[in-house]
Each structure stands twice: as C-alpha cells, then as structure tokens.
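Residue numbers (this note's numbering): 1051 to 1447.
We put the beta carbon where it would ideally sit given N, CA and C, even for glycine.
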Ligand SMILES: *Cc1c(COP(=O)(O)O)cnc(C)c1O
C-alpha cells in the first residue's frame, strides 16, 4: 500500500469512529435567508439555533446599508489593511465600536476567532501570565497557545480558584497578569462573574479581557454588553459582527489606545489577512445605530426567553438555570440529543444538538436560542413540537 492510500485509510477510519460514537455533524442546507423562519429542502422551518438574537440577519435596513456601501466603496479590498486595504468606512466602524463599548479605540479582524487568535501574542511575553476560565471559547484557548506567557486555568467561574491562580502567578514572578474570560459561556448561557473578577484583578494588580460575542447588542444598557450590565470597566473587550450585530462576519478588539496601536503593528491575523469588505463594514455601522436604540427588541427578546424557559420547564424538560437567551435543554447522551433534534426537524423545528467535543462527554444537549423576531405563535408551535418530540424519544415520561 502506498503512503497516500494508508493515510486516506487512516482518515476514513477516524471518520467511521466519529460516526460510531454518534458524534458526526451533518449540515442542513438553507435555501433562503437566515431568519426566524428558514427554508430547508423546500420546507419552512422555525429556526431555534441561530445567534440572531435581535432578528437583524435579514433586516432590510442592513441589506440596504450593505448595498449602499458596495455602490460607493466597491465589493472587495484585495489587500490587508496596512498595504492598501483601509477605507474611511473601516476607521468609522472602529471609532464607532470603541465609543459604543466605552474604550479608547478598536481594531477590526476578519472574525472574532482571529481577534482572539491575535490578541495575546503581541501583548504578553514569557515573563507574563494569562489566567483563563476553563470554559473559554476555543479561539481564546488557541490565542493563548500562540503566546509565550505562562498559562494558568481556573474552573469555570470559580472565584476561589481564580484567586489561587492569581496568587500562583504572582508567586511565579509574573510581570503582567491578564485574566481572560467569555462574558457569556456559550454552551450554558451563564454570565461570567465580572464584578468579582474585576475586584480580584484589582486586588492582585491584574488586567481583565472579556470576549463578549454572546452579549454585545442585546445585553446591558443599550446592548453594550456584559461589562455594562455588571457596571464594571474591563481592560480589553473582544466581540463579533457575526451574531447580534447583523450576523455577517468580522471581529474586533476594543481597548486602550496604545494596545490597539500595537495590535495594528503586530497582531498576525490583522497583518496577514484581508480587510473586511465594504458591504459588511457599512452594514455593521447601520447595525450599531439600530442596536443602540433597540430597547424594544431587547425587551421582546427577554420576554421570549422568559416564555420559552417557563414553557419548557412546565413540559418537564431539564434546563440549565439562567436569564440569557441561550437556553440549553439537557439530554446527556449524544445519540439521544441527535434523535431529539431529528424528531423536532420532522415537526418543522430546526435545532442543533451539541455533544462532545463541543461540550463534555455525557453533557449533550439541544441548545435553543431566542430571537426577538419570534412571535408568541412561533413559541407555542415550538413548545408543542418539543412536547411531542420529548414523548416520542422517551425524554419525557
Ligand atoms: C462565536 C464566538 C467566537 C467566534 O466569533 P467569529 O466572529 O464567528 O469568529 C469567539 N468567541 C466566542 C465566545 C463566540 O461565541
């Protein structure tokens, strides 16, 4: 057998193992726009698994803003930012984001994955320490791996453990210490304990970085995110344009001026990757204007989340407690989560099962997510589908 054939055999074996373990992910093809309702294989489905918290993904105002930006700024940039890829629109969005998030300045990336991937390495050296929550997003984990700082980890939201790690980092002689946390832990919908994290950071002379992907736009006053909700200022904030802020793509880091200036010189995903296209940037500017004034959408989102939680609880499902529009229905077993999702699909409800490696083994779930665009009828339809699917799969007695 050639090396190539043996290699492909090995890959095929791995795929089969993933399948046997019930961990294989299949993609459903949407044939129209992303929204509260989507067309899949010619059928209208209620969509309970998008990060489309405010329902802006198909908003005509964003589509118009994207079109207008293409009309006066073209389609593509064909350059990284520092060669010839910076338009007035990019700088306008960076200053607009910074003002919205209450930081000196911000810097755009192709995705928040890249923002987190590029943040740590230029700012921290081997004499420094990063202390990371154990449930942080994969992109934070990868970003930390790429930097030379010493790594410390604390159990999810365990403040005693965080304090122990701060003391350990100090004892190890760390020069600068950065605590890194998700603002909201995306698999559970739990908020980071920012007031306590800030207080511990201050007591130990550390800085705080928050990834607010699952918060910006719909959490806190005017949607300014988890620091605003908690009434604390953090040192560095990362986020995405790919969720509540219209759902296209793009990420950013907001923070103190010298930090943003240095990232523009040194962050590798910024230096070696294309500038965001004008349509996305123009629509993001429009999205921020909409979001800042969208108290009505935020109230509707919260009301939908309350109604949905109460309905699922009454039906007998096991949820994780909380108040975030991420509402996980816990099923433990990966195959059961897949069977339940498949059954819901037959009933016209699109949900995604989550299982290892995205969540720990034995903690499989269907993660439902609320959208301000859902009507009461939508939610009642989904509740009766969940009830029927729960009975059909044996999740409900
Ligand atoms: C979605 C998400 C990301 C990645 O954002 P992209 O802009 O899609 O790359 C990073 N961090 C967290 C916490 C997220 O939820």
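Alpha carbons only, please: which of the options is nearest the one belonging to residue i?
i: residue 1449; options: 1433, 1302 and 1197; result: The requested residue 1449 is not part of the displayed model; the chain covers only 1051 to 1447.
i: residue 1288; options: 1390, 1260 and 1433; result: 1260
i: residue 1433; options: 1400, 1175 and 1409; result: 1400
i: residue 1235; options: 1225, 1109, 1206 and 1222; result: 1206
i: residue 1286; options: 1269, 1268, 1267 and 1306; result: 1306
i: residue 1094; options: 1353, 1085 and 1283; result: 1085
i: residue 1212; options: 1057, 1184 and 1118; result: 1184
i: residue 1326; options: 1137, 1113, 1067 and 1069; result: 1137
i: residue 1165; options: 1150, 1177 and 1187; result: 1187
i: residue 1451; options: 1240, 1106 and 1320; result: Shown here, the chain extends from 1051 to 1447; a query on residue 1451 therefore has no answer.
i: residue 1405; options: 1423, 1360, 1422 and 1381; result: 1381
i: residue 1276; options: 1069, 1223 and 1151; result: 1151
i: residue 1310; options: 1386, 1154, 1403 and 1352; result: 1154
i: residue 1371; options: 1129, 1216, 1417 and 1121; result: 1417
i: residue 1092; options: 1100, 1078 and 1101; result: 1078
i: residue 1145; options: 1344, 1067, 1331 and 1412; result: 1331
i: residue 1125; options: 1256, 1412 and 1329; result: 1329
i: residue 1228; options: 1108, 1255 and 1246; result: 1255
i: residue 1072; options: 1389, 1052 and 1447; result: 1389
i: residue 1278; options: 1149, 1067 and 1237; result: 1149
i: residue 1264; options: 1214, 1420 and 1249; result: 1420
i: residue 1439; options: 1296, 1358, 1396 and 1426; result: 1396
i: residue 1294; options: 1316, 1284, 1304 and 1342; result: 1342
i: residue 1110; options: 1426, 1182, 1427 and 1333; result: 1333
What's the gap between the Cα of residue i and the Cα of residue j?
i: residue 1082; j: residue 1298; result: 15 Å
i: residue 1272; j: residue 1242; result: 19 Å
i: residue 1244; j: residue 1282; result: 7 Å
i: residue 1436; j: residue 1098; result: 12 Å
i: residue 1204; j: residue 1269; result: 25 Å
i: residue 1104; j: residue 1377; result: 16 Å
i: residue 1118; j: residue 1335; result: 12 Å
i: residue 1173; j: residue 1350; result: 40 Å
i: residue 1375; j: residue 1055; result: 47 Å
i: residue 1387; j: residue 1414; result: 6 Å
i: residue 1407; j: residue 1354; result: 30 Å
i: residue 1177; j: residue 1252; result: 20 Å
i: residue 1365; j: residue 1441; result: 10 Å
i: residue 1102; j: residue 1345; result: 16 Å
i: residue 1225; j: residue 1301; result: 29 Å
i: residue 1215; j: residue 1087; result: 46 Å
Mind reading off the beta-carbon distance from residue i to residue j? Whole number of angstroms is fine, and I expect it under 8 Å.
i: residue 1292; j: residue 1161; result: 7 Å
i: residue 1135; j: residue 1318; result: Contact doesn't hold; Cβ gap of about 16 Å is too wide.
i: residue 1130; j: residue 1322; result: 7 Å
i: residue 1116; j: residue 1107; result: Not a contact, Cβ separation roughly 12 Å.
Could you check whether the Cβ of residue i sits closer than 7 Å to any heavy atom belonging to ligand 2?
i: residue 1187; result: No copy of ligand 2 occurs in the structure displayed; its ligands are ligand 1 alone.
Which parts of the region 1299–1361 are runs of the alpha helix (DSSP H), unbroken and 4 residues or longer, counting only runs that do not cross its ends? 1307–1316, 1318–1321 and 1328–1342
Starting from the N-terminal side, write out each stretch of the beta strand (DSSP E) that is 3 residues or longer and does not extend beyond the region 1224–1312. 1227–1232, 1257–1261, 1286–1290 and 1301–1305
Where in the region 1157–1192 do unbroken runs of the beta strand (DSSP E), each at least 3 residues long, occur, reported from the N-terminal end onward? 1179–1183
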